[in-house]
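Enquirer: Residue numbers (my numbering), protein chains in the order written: chain D, 1 to 479; chain S, 1 to 276.
We put the CB at the ideal spot given by N, CA and C, even for glycine.
As the structure is a prediction and not an experimental result, all values here were calculated from the model.
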Amino acid sequence: MKRRKLLTITLSLMLLTIFQIKGQENTDTLPRTVEGILNTLDVKNRLKFSGYIQAQYQVADSGGTKSFAGGDFENGVDKRFYLRRGRIKFQYDAAAGEKGWSTSQYVLQFDISQKGLTIKDVYAKFTDPWSGWFSVTAGMQNRPFGYEIVYSSALRESPERGRMSQIIFPNERDLGAMLTIQAPKTSRWNWIKLDVGMFNGTGAPSAGVNTSDFDKFKDIIGHLAITRSTKSERVKWGLGASFYDGGFRQDSSDRYKFGSDSLGVKGFIIDQKNTVVSTFINNRDKTKRSYVGFDGQVSIDWFLGLTTIRGEYIQGEQPADSSSSTSLSSAIQQPSTKTTYTTTINSSTGAATTTATTVNTTSTRYVYIRKFNGAYFYLLQNIGQSPWQAIVKYDWYDANTDLKGDEIGQGVKKTGFQKSNATDLKYTTLGLGLAYRWDANVKITGYYDMVKNETSSNLSGYTKDLLDNVFTLRVQVKF
Amino acid sequence: MKKIILIVAIAFTAISFTAISTKAQKIVIKGSDTVLPLAQKEAELYMKKNAGKSVTVIGGGSGVGLAALVDNATDIAMSSRKIKMDERMKMQDAGRAYKEVIVANDALSVIVNPQNKVSQLTRQQIEGIYTGKIKNWKEVGGDDMTIVVYSRETSSGTYEFFKDHVLNRKNYASSVLNMPATGAIIQSVSQTKGAIGYVGLAYMTKEVKDIAVSYDGKKFVLGSIATAKDKTYPIVRPLYFYYPTAKEASVKAFIDYILSPEGQKIVDEVGYVSLK
Numbered sequence: 001m002k003r004r005k006l007l008t009i010t011l012s013l014m015l016l017t018i019f020q021i022k023g024q025e026n027t028d029t030l031p032r033t034v035e036g037i038l039n040t041l042d043v044k045n046r047l048k049f050s051g052y053i054q055a056q057y058q059v060a061d062s063g064g065t066k067s068f069a070g071g072d073f074e075n076g077v078d079k080r081f082y083l084r085r086g087r088i089k090f091q092y093d094a095a096a097g098e099k100g101w102s103t104s105q106y107v108l109q110f111d112i113s114q115k116g117l118t119i120k121d122v123y124a125k126f127t128d129p130w131s132g133w134f135s136v137t138a139g140m141q142n143r144p145f146g147y148e149i150v151y152s153s154a155l156r157e158s159p160e161r162g163r164m165s166q167i168i169f170p171n172e173r174d175l176g177a178m179l180t181i182q183a184p185k186t187s188r189w190n191w192i193k194l195d196v197g198m199f200n201g202t203g204a205p206s207a208g209v210n211t212s213d214f215d216k217f218k219d220i221i222g223h224l225a226i227t228r229s230t231k232s233e234r235v236k237w238g239l240g241a242s243f244y245d246g247g248f249r250q251d252s253s254d255r256y257k258f259g260s261d262s263l264g265v266k267g268f269i270i271d272q273k274n275t276v277v278s279t280f281i282n283n284r285d286k287t288k289r290s291y292v293g294f295d296g297q298v299s300i301d302w303f304l305g306l307t308t309i310r311g312e313y314i315q316g317e318q319p320a321d322s323s324s325s326t327s328l329s330s331a332i333q334q335p336s337t338k339t340t341y342t343t344t345i346n347s348s349t350g351a352a353t354t355t356a357t358t359v360n361t362t363s364t365r366y367v368y369i370r371k372f373n374g375a376y377f378y379l380l381q382n383i384g385q386s387p388w389q390a391i392v393k394y395d396w397y398d399a400n401t402d403l404k405g406d407e408i409g410q411g412v413k414k415t416g417f418q419k420s421n422a423t424d425l426k427y428t429t430l431g432l433g434l435a436y437r438w439d440a441n442v443k444i445t446g447y448y449d450m451v452k453n454e455t456s457s458n459l460s461g462y463t464k465d466l467l468d469n470v471f472t473l474r475v476q477v478k479f
Numbered sequence: 001m002k003k004i005i006l007i008v009a010i011a012f013t014a015i016s017f018t019a020i021s022t023k024a025q026k027i028v029i030k031g032s033d034t035v036l037p038l039a040q041k042e043a044e045l046y047m048k049k050n051a052g053k054s055v056t057v058i059g060g061g062s063g064v065g066l067a068a069l070v071d072n073a074t075d076i077a078m079s080s081r082k083i084k085m086d087e088r089m090k091m092q093d094a095g096r097a098y099k100e101v102i103v104a105n106d107a108l109s110v111i112v113n114p115q116n117k118v119s120q121l122t123r124q125q126i127e128g129i130y131t132g133k134i135k136n137w138k139e140v141g142g143d144d145m146t147i148v149v150y151s152r153e154t155s156s157g158t159y160e161f162f163k164d165h166v167l168n169r170k171n172y173a174s175s176v177l178n179m180p181a182t183g184a185i186i187q188s189v190s191q192t193k194g195a196i197g198y199v200g201l202a203y204m205t206k207e208v209k210d211i212a213v214s215y216d217g218k219k220f221v222l223g224s225i226a227t228a229k230d231k232t233y234p235i236v237r238p239l240y241f242y243y244p245t246a247k248e249a250s251v252k253a254f255i256d257y258i259l260s261p262e263g264q265k266i267v268d269e270v271g272y273v274s275l276k
């Protein structure tokens with residue numbers, strides 16, 4: 001009996017010891033396990049995966065409408081389903097340092113639609129670890145000009161950016177490096193921000209195109225912005241000023257600028273002939289491209305709901321094609337009615353030789369320099385605190401501020417002059433829309449663009465307002 | 001057979017209703033660490049009185065709570081500061097209407113180590129200490145001793161309230177030590193002779209000494225429930241609950257409980273300042 005008792009006590013003690021050891025092990029490993037889980041969660045939190053899809057149905061006033069509401073309609077087509085954007089974005093933020101900010105960030109964004117796969121953003125951002133005031137972003141990124149260009153399409157209330165934004169900054173992005181000066185969020189100076197970047201100036205290269213730039217000239221773009229909110233946190237406002245100082249190489253095309261002939265007829269006069277272009281590619285002249293812009297935003301939360309007003313005005317000198325004022329992504333080869341020119345460079349001397357080749361085409365392309373201005377204004381009104389939002393947007397783009405009405409397309413009377421054309425017309429667009437925010441992920445927008453073009457009795461096809469209004473019904477899902 | 005089908009159908013319906021009603025009675029509250037002890041105590045007593053109802057309270061900071069509200073990841077966001085304009089805009093963008101309720105007030109006490117002979121400071125002196133202009137206690141009538149300044153971390157609503165209302169929106173000095181929780185400030189101040197910090201009245205312990213504060217340089221007042229209620233103590237702030245209007249039916253009973261005489265009594269007991 002005694003032996004049995006002794007055995008029972010011994011076994012119990014052994015079991016207790018084993019459990020105690022096991023318990024001790026658990027106590028020791030638990031913090032390590034928790035730390036491991038937290039580390040894993042931290043890495044997962046720093047890798048962000050987001051995106052959105054914009055699917056839409058559009059109805060245009062007429063088949064084949066030339067439109068800035070998502071691109072031109074095909075000939076004979078006035079209704080279409082369209083996958084406007086399908087974005088996937090990966091962002092990795094390095095672990096925050098001792099002072100509370102991450103010193104590097106990596107972003108990769110794709111657009112997938114019926115047009116195929118396009119790379120939108122590929123950049124790395126580095127922030128100084130000492131003050132947190134200075135960041136450098138290098139790669140393909142938004143050009144830091146104004147407000148609408150850099151404002152995300154997922155957040156923008158109107159389906160598209162204004163006509164001017166699409167013309168002077170097609171695809172919004174470019175290859176370059178940008179310096180940002182902004183205090184960390186905890187600083188009292190966080191409300192002021194300066195972005196200054198150096199970019200190729202050609203915009204984001206098209207898919208599959210290996211050329212990033214066609215000349216040695218780089219463009220400088222900058223934006224200074226302030227953003228403040230009142231102490232009551234019911235009013236937020238911002239102001240900004242932007243500049244663009246760039247240009248591209250004058251190659252084998254004539255360059256024209258605005259002028260009048262001896263009879264006072266306004267048109268384009270020769271600024272530089274292609275025949276005087278230097279044979280040395282590095283000595284060739286720069287065609288200047290310069291803009292200035294001012295933007296402002298204010299949001300007020302009051303009894304009617306959140307009201308937001310935004311506006312931006314831009315003016316400048318736009319060197320582009322004779323038949324389009326859209327910023328160039330490649331050199332213009334001219335005159336294609338007779339010949340095209342090919343430049344070859346001697347690798348040892350650097351001397352360029354231009355050879356002419358005759359081609360069979362009837363189009364004629366030159367570089368035209370135009371003074372332009374444009375603006376957009378948004379009025380956004382939330383209906384109380386409901387999911388509904390009313391949208392009013394007005395924008396204009398005057399591609400050539402030197403010409404008005406019937407002056408456009410007027411026949412010039414002197415040799416060497418070029419007459420203006422439909423590219424020089426002014427367009428205004430009034431957009432009215434209603435958005436319903438289903439939840440944080442889903443937004444449905446109905447939007448009607450009323451486009452009005454300047455008319456000229458000297459321009460065939462533009463003697464009256466075109467039938468180019470477009471209605472868009474868009475569903476956006478983001479995650 | 002028909003009877004069986006009818007019984008099964010009724011049973012399924014009953015189960016479904018039970019499941020729905022059980023789900024509706026579960027409330028998740030996230031946000032301010034300052035409001036956390038109050039919300040926990042209120043939740044505890046509310047659940048005791050209302051069997052079958054569940055209230056889960058999670059801290060993390062006012063910013064975290066309001067972000068969760070935008071993401072629809074909480075039923076109520078607790079906040080020790082007012083919702084910011086950016087957060088309002090995000091709520092609007094998410095199509096989510098919300099309501100704001102002040103559930104209590106809180107007095108912020110400025111604390112020092114009990115061995116520190118300084119017992120009162122003006123707002124300007126506190127601002128000087130936190131912005132780095134005043135570095136030694138002898139500059140404010142204390143011993144020749146370096147001031148060690150403690151603050152809450154930047155995501156805290158208390159951090160922002162103190163910056164906005166005591167520092168006049170001036171920036172904290174880079175030498176200020178940011179602590180992750182109020183308890184950590186109490187502990188650090190109690191162990192460091194030259195330390196200064198700020199905590200909610202509810203967190204006050206005997207391990208630290210509170211400082212009488214003056215905004216006019218004449219009348220110095222110690223923080224207490226009484227001085228906060230009679231408005232003689234200047235560092236007092238409201239504590240907020242924000243909830244989506246769509247969830248009003250499920251959260252209203254709990255909020256009504258906090259606002260009731262019984263709930264407000266708990267506010268005073270926990271160390272906050274009741275609304276009446």
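Comparing the C-beta of Lys452(D) with each C-beta of chain S, is any distance below 8 angstroms?
Expert: Chain S, which has no Cβ nearer than 8 angstroms to the Cβ of Lys452(D), makes this no.
Enquirer: Within 8 angstroms of any Cβ in chain D, is that where the Cβ of Gly31(S) sits?
Expert: It does not; no Cβ of chain D falls within 8 angstroms.
Enquirer: For Glu74(D), decide whether its Cβ has a neighbour in chain S, counting only Cβ atoms nearer than 8 angstroms.
Expert: So, not an interface residue.
Enquirer: Using a Cβ-Cβ distance cut-off of 8 angstroms, determine whether Glu233(D) contacts chain S.
Expert: Taking Cβ atoms only, chain S reaches closer than 8 angstroms to Glu233(D), which makes this a yes.
Enquirer: Taking any Cβ of chain D, which residues in the segment 67 to 85 of chain S have a Cβ under 8 angstroms from it, in chain order?
Expert: Taking 8 angstroms as the Cβ-Cβ cut-off against chain D, the residues of the segment 67 to 85 of chain S that qualify are Val70, Asp71, Asn72, Lys82, Ile83, Lys84, Met85.
Enquirer: Which word fits Phe303(D), buried or exposed, when buried means at least 16 other C-beta atoms lie within 10 angstroms of its C-beta?
Expert: Per the 10 Å Cβ criterion, exposed.
Enquirer: Can you list, in chain order, the stretches of the alpha helix (DSSP H) that have 4 or more residues and sit fully within the segment 86 to 145 of chain S?
Expert: 123 to 131, all fully within the segment 86 to 145 of chain S.
Enquirer: I'd like to know if Gly95(S) contacts chain D, where contact means its C-beta is closer than 8 angstroms to some C-beta of that chain.
Expert: Answer yes: the Cβ-Cβ gap between Gly95(S) and chain D drops below 8 angstroms somewhere.
Enquirer: Find the residues of chain D that neighbour Thr34(S), judging by a C-beta separation of less than 7 angstroms, and give them in chain order.
Expert: Chain D residues near Thr34(S): none, gap ~18 angstroms exceeds 7 angstroms.
Enquirer: Could you spell out where the beta strand (DSSP E) holding Glu312(D) opens and where it closes?
Expert: Segment 305 to 321, the beta strand (DSSP E) holding Glu312(D).
Enquirer: Comparing the C-beta of Asn105(S) with each C-beta of chain D, is any distance below 8 angstroms?
Expert: Asn105(S) does not count as touching chain D.
Enquirer: With contact counted as at least three CB pairs below 8 angstroms, one residue from each stretch, are the segment 216 to 229 of chain D and the segment 237 to 254 of chain D in contact?
Expert: Verdict: yes, contact present.
Enquirer: Quick one: measure Cβ to Cβ for Ile383(D) and Ala390(D), integer angstroms, because I've assumed they're closer than 8 angstroms.
Expert: Rounded, the Cβ-Cβ distance is 7 angstroms, consistent with contact.
Enquirer: With a threshold of 8 angstroms between beta carbons, is Pro387(D) in contact with chain S?
Expert: With 8 angstroms as the cut-off, Pro387(D) counts as an interface residue toward chain S.
Enquirer: Using 8 angstroms as the limit for Cβ to Cβ distance, is Arg85(D) near chain A?
Expert: Absent here is chain A; the protein component of the structure consists of chains D and S.
Enquirer: Which whole runs of the beta strand (DSSP E) in the segment 92 to 166 of chain D are 3 residues long or more, in chain order?
Expert: Complete beta strand (DSSP E) runs here, min 3: 104 to 113, 116 to 127, 134 to 142.
Enquirer: Can you confirm whether Thr158(S), when its beta carbon is compared against all beta carbons of chain D, has any partner nearer than 8 angstroms?
Expert: No, no contact with chain D.
Enquirer: When the Cα of Ala104(S) is compared with those of Ser80(S), Ser119(S), Gly95(S), which residue comes out closest?
Expert: Nearest of Ser80(S), Ser119(S), Gly95(S) to Ala104(S), Cα basis: Ser80(S).
Enquirer: Shortest alpha-carbon distance to Val28(S) belongs to which of Lys48(S), Thr34(S), Gly65(S)?
Expert: Looking at the Cα atoms, Gly65(S) is the closest of the given residues.
Enquirer: Tell me the DSSP bridge mates of Pro244(S)?
Expert: Paired residues: Tyr98(S).
Enquirer: Secondary structure at Val43(D), three-state DSSP: helix, strand or coil?
Expert: Helix, per DSSP.
Enquirer: Quick one: which unbroken alpha helix (DSSP H) runs of 4-plus residues sit fully inside the segment 379 to 448 of chain D? Chain order, please.
Expert: Those alpha helix (DSSP H) runs which fall completely within the segment 379 to 448 of chain D and span 4+ residues do not exist here.
Enquirer: Closer than 9 angstroms by beta-carbon distance: list the chain D residues that pair up with Met89(S), in chain order.
Expert: Within 9 angstroms Cβ-Cβ: Lys236, Ser299, Asp301, Leu306, Thr308.
Enquirer: At 7 angstroms on the CB atoms, spell out the chain S contacts of Trp438(D), in chain order.
Expert: Going along chain S in sequence order, the residues near Trp438(D) (Cβ under 7 angstroms) are Gly95.
Enquirer: For Ser336(D), decide whether its Cβ has a neighbour in chain S, counting only Cβ atoms nearer than 8 angstroms.
Expert: Its pLDDT being 48, under 50, Ser336(D) is placed unreliably in this model, and the value from its coordinates should be taken loosely. It does not; no Cβ of chain S falls within 8 angstroms.
Enquirer: Reducing DSSP to helix, strand and coil, say where Thr287(D) ends up.
Expert: Strand, per DSSP.
Enquirer: Within the continuous alpha helix (DSSP H) that includes Ile186(S), where are the two ends?
Expert: Residues 182 to 191.
Enquirer: Counting Cβ pairs, one atom from each stretch, are 3 or more of them under 8 angstroms apart for the segment 416 to 433 of chain D and the segment 387 to 401 of chain D?
Expert: Flag = yes, the segment 416 to 433 of chain D and the segment 387 to 401 of chain D touch.
Enquirer: Please determine, among Lys90(S), Ile185(S), Pro37(S), Gln125(S), the residue with the shortest C-alpha to C-alpha distance to Asp301(D).
Expert: Comparing Cα positions, the closest option is Lys90(S).
Enquirer: Should Gln191(S) go down as buried or exposed, given a rule of 16 or more other Cβ atoms within 10 Å for buried?
Expert: Looking at its Cβ environment, which holds fewer than 16 other Cβ atoms inside 10 Å, Gln191(S) is exposed.
Enquirer: Applying a beta-carbon distance threshold of less than 9 angstroms, which residues of chain D neighbour Gln92(S)?
Expert: Near Gln92(S) (Cβ distances below 9 angstroms), the residues of chain D are Asp301, Gly305, Leu306, Asn382, Gln385, Pro387, Gln389, Arg437.
Enquirer: Could you compute how far the alpha carbon of Val213(S) sits from the alpha carbon of Thr158(S)?
Expert: Computed Cα separation, rounded: 17 angstroms.
Enquirer: Use the C-beta contact count for Glu488(D): other C-beta atoms within 10 angstroms, 16 or more gives buried, fewer gives exposed.
Expert: Limits of chain D in this structure are 1 at one end and 479 at the other, which puts residue 488(D) out of reach.
Enquirer: Taking the straight line between their C-alpha atoms, what separation do you get for Ile112(D) and Val199(S)?
Expert: When rounded, the distance between both Cα atoms is 52 angstroms.
Enquirer: On the CB-based measure, 16 or more other CB atoms within 10 Å of its CB, does Arg32(D) come out buried or exposed?
Expert: By the neighbour-count rule (16 or more Cβ atoms within 10 Å), Arg32(D) is not buried but exposed.
Enquirer: With 8 angstroms as the threshold, decide whether the Cβ of Asn360(D) is near any Cβ in chain S.
Expert: Because Asn360(D) sits at a pLDDT of 48, beneath the cut-off of 50, its placement in the model cannot be relied upon, and the point is left open.
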